[in-house]
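Q: Quick one: the structure is below, and I'll ask about it shortly.
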């Protein structure tokens, strides 16, 4: 008999072929890491509550991460405060998408300028 040869990819409980998007994301994660930005927005006033929480994995080492995270928090706050007319309020879905895009774009630019790496950035916006 014959035994088939080739690559077998495992994605959770599924084995077989992965689509190009999954492979691209995995390559990016392995090379540049991930940055998760959690924001709490006051649903009544449409304003940021506290500082953004930023968690990184596979991005920078612990020695340089604290300063970079603090500067990244400032970049996120500045991005949210840049255009006051886009405060969080009625019609929230489009506004959430807009806020996520602004956070992602400003942080991508800043982190590339600082590290020459492009981590996957995942903004999470929570109403409080």
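Numbering (full-length UniProt numbering), first residue to last: 1 to 128. Note that beta-carbon positions come from the ideal geometry of N, C-alpha and C, so glycine has one too.
With burial defined as no fewer than 16 other Cβ atoms inside 10 Å of the residue's Cβ, what is the status of residue 4: buried or exposed?
A: Taking the chain shown and counting its residues from 1, one reaches residue 4 at position 4. Exposed, because fewer than 16 other Cβ atoms sit within 10 Å of the Cβ of residue 4.
Q: Less than 7 Å between the C-beta atoms of residue 123 and residue 103, yes or no?
A: Here the question's residue 123 lines up with position 123 in the chain shown. Here the question's residue 103 lines up with position 103 in the chain shown. In this structure, residue 103 lies closer than 7 Å to residue 123 by Cβ.
Q: Do you know whose CA, among 52, 30, 69, 58, lies nearest residue 81's CA?
A: Here residue 81 is taken as the residue at index 81 of the chain shown, counted from 1. Minimum Cα distance to residue 81 is reached at 52.
Q: With C-beta atoms as the reference, is residue 39 less than 7 Å away from residue 121?
A: On the chain shown, residue 39 is found 39 positions in, with the first residue counted as 1. On the chain shown, residue 121 is found 121 positions in, with the first residue counted as 1. Not in contact: residue 39 and residue 121 (Cβ atoms no closer than 7 Å).
Q: Considering only their Cβ atoms, is the gap separating residue 60 from residue 68 smaller than 7 Å?
A: Indexing the chain shown from 1 puts residue 68 at position 68. Indexing the chain shown from 1 puts residue 60 at position 60. Taking a C-beta distance under 7 Å as the contact criterion, residue 68 and residue 60 qualify as a contact pair.
Q: Would you report the Cα separation of residue 54 and residue 74, rounded to the nearest angstrom?
A: Here residue 54 corresponds to residue number 54 of the chain shown, with the count starting at 1. Here residue 74 corresponds to residue number 74 of the chain shown, with the count starting at 1. About 11 Å.
Q: Look at the Cβ atom of residue 49, then the Cβ atom of residue 42, and state whether they are nearer than 7 Å.
A: Reading the chain shown from its first residue, position 49 is the one you call residue 49. Reading the chain shown from its first residue, position 42 is the one you call residue 42. In this structure, residue 42 lies closer than 7 Å to residue 49 by Cβ.
Q: Residues in its own chain within less than 7 Å of residue 57 by CB, not counting five upstream and five downstream?
A: Along the chain shown, read from residue 1 onward, the residue named residue 57 stands at position 57. Closer than 7 Å at the Cβ level, and outside the excluded window around residue 57, lie 33, 34.
Q: On the DSSP bridge list, what partners appear for residue 35?
A: Looking up residue 35 in the chain shown gives position 35. 56, 121.
Q: Using only the alpha-carbon positions, how far apart do residue 66 and residue 8 sit?
A: Mapped onto the chain shown, residue 66 falls at position 66. Mapped onto the chain shown, residue 8 falls at position 8. Computed Cα separation, rounded: 39 Å.
Q: Apply the 10 Å Cβ neighbour rule to residue 23 and answer buried if 16 or more other Cβ atoms are within range, or exposed otherwise.
A: Locating residue 23 in the chain shown gives position 23, where the first residue counts as 1. With fewer than 16 other Cβ atoms within 10 Å, it is exposed.
Q: Roughly how many whole angstroms lie between the Cα atoms of residue 78 and residue 72?
A: As a first step, residue 78 must be located in the chain shown, where it is residue number 78. As a first step, residue 72 must be located in the chain shown, where it is residue number 72. Straight-line Cα distance between these residues: approximately 10 Å.
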